[in-house]
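**Student:** Structure in structure tokens, see below.
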Amino acid sequence: MKITLILSAMLIALTGYAQSTTYGSVTLRVSNFDTKESQTTVIIAEDVEAFDIPAFIQKHSENNRIYAYGTYTINDEQTTVTFTNKDENNKTIVADEFCEISEYGLKPFLGVGIEATDELDGVVVRRILSESVADQIGLVEGDVIVSVNGEEIISECDLKIAISQAGIGAEVPVTYKKGSQEYTTYATIGARTIQKVTYVACDKVDTDIEETISQNVIVSIDNDVEMTVYPNPTAQGANIRYTSESTAPVTFYVIAMDGSVLESQNYEMTTGSLFINYNFVDNTSGTYQMVIEQEGQVHIEHVQVIK
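According to this note's numbering, the residues represented by the sequence shown are 287 to 593, in order.
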């Protein structure tokens with residue numbers, strides 16, 4: 287097996303979760319049907335955007351089984367990549383050109399890296415994302431989280447389930463230990479936007495999907511939805527205009543890049559159009575995400591606040 291590791295000049299420390307907002311990787315694995323040989327290429331987060339994955343897939347698609355998988359984070363935005371060139375009938379997908387399909391979602395977020403204790407009496411905090419919810423409530427490396435919202439925590443899975451069940455924007459009790467002392471504080475569950483990426487033959491792209499013809503990237507937003515934010519950049523307020531053929535209710539979020547939820551509000555869409563004004567007067571300069579969720583679809587615009 288041949289393994290290629292693509293590195294930039296500066297390596298990311300494995301423990302750099304709190305100090306660096308760029309980490310993770312994407313793995314590309316190619317297995318030849320005839321020779322039975324395989325080749326693995328690992329692309330670290332800093333190099334993913336410069337690496338042409340669709341071209342790599344197209345180049346190796348014939349007579350090879352290809353897998354692309356991994357999760358990486360750039361500027362606190364997480365992307366998950368999954369692809370295989372076998373269709374549902376186990377036939378090899380071959381195309382003159384492959385295109386990237388992106389979908390967006392939201393997940394509850396605490397901003398903490400953990401590992402189970404040997405005694406299974408909580409999870410040890412190993413990493414804290416600076417200014418995240420976990421940072422704001424005073425958690426530090428070495429603390430042991432024992433319960434969230436009344437649910438016992440002994441594994442990473444337990445923590446994910448607890449914050450997912452609580453939901454974005456919920457205020458929940460968090461019980462943790464510092465040495466022999468136990469404390470309980472309240473945390474407002476944050477949110478992180480997740481980009482899910484896969485690759486398809488360009489000639490198979492659904493015509494109902496809006497195509498952004500830029501390096502073969504297709505953003506999976508239906509043509510019947512439009513979201514604009516203005517002014518951008520802004521010093522104080524931003525206006526959000528959202529139109530959709532659907533009249534299903536929407537949830538509007540304002541999310542800081544550290545995962546903190548600054549606003550969470552439900553709106554009715556009786557006319558198919560929605561206008562929202564949000565005031566950043568109490569917020570510092572930086573980038574914020576304006577997010578609208580409707581019928582499981584997530585639509586995101588970034589706003590630059592300059593004070």
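Just so it is clear, CB atoms sit at the ideal spot from N, CA and C, and this is done for glycine as well.
Residue 445 lies in the alpha helix (DSSP H); which residues open and close that run?
**Tutor:** 442-452
**Student:** Check whether the segment 341-349 touches the segment 400-408, counting contact only when three or more Cβ pairs, one atom from each stretch, lie closer than 8 Å.
**Tutor:** no
**Student:** Between the segment 530-544 and the segment 556-566, are three or more C-beta pairs nearer than 8 Å?
**Tutor:** yes
**Student:** Under 8 Å, do residue 535 and residue 477 count as touching if we go by C-beta distance?
**Tutor:** no
**Student:** Just curious, the alpha helix (DSSP H) that residue 332 is in, first and last residue?
**Tutor:** 331-334
**Student:** Using the rule of at least 16 other Cβ atoms within 10 Å of the residue's Cβ for burial, across every protein chain shown, is residue 340 buried or exposed?
**Tutor:** By the 10 Å Cβ count, residue 340 comes out buried.
**Student:** In whole angstroms, what separates the C-alpha of residue 494 from that of residue 333?
**Tutor:** Note that residue 494 scores a pLDDT of 41, beneath 50, so its modelled location is shaky and nothing firm can be said.
**Student:** For residue 474, list the residues DSSP reports as bridge partners.
**Tutor:** 457
**Student:** What residue does the beta strand (DSSP E) around residue 402 start on, and which one ends it?
**Tutor:** 398-402
**Student:** Enumerate, from N- to C-terminal direction, the unbroken beta strand (DSSP E) stretches of 3 or more residues contained entirely within the segment 340-403.
**Tutor:** 350-360, 363-370, 384-395 and 398-402
**Student:** Tell me the rounded alpha-carbon separation between residue 520 and residue 418.
**Tutor:** Distance from the CA atom of residue 520 to the CA atom of residue 418, rounded to whole angstroms, is 23 Å.
**Student:** Can the beta-carbon of residue 449 be found less than 8 Å from the beta-carbon of residue 475?
**Tutor:** Result yes, Cβ atoms of residue 449 and residue 475 sit closer than 8 Å.
**Student:** Expressed to the nearest angstrom, what Euclidean distance is found between the alpha-carbon atoms of residue 434 and residue 386?
**Tutor:** If you draw a straight line from the Cα of residue 434 to the Cα of residue 386, it is about 38 Å long.
**Student:** Just tell me which of 484, 343, 510 and 462 has its CA closest to the CA of residue 409.
**Tutor:** 462
**Student:** Buried or exposed, going by whether 16 or more other CB atoms sit within 10 Å of the CB of residue 363?
**Tutor:** The residue is buried, with at least 16 neighbouring Cβ atoms inside 10 Å.
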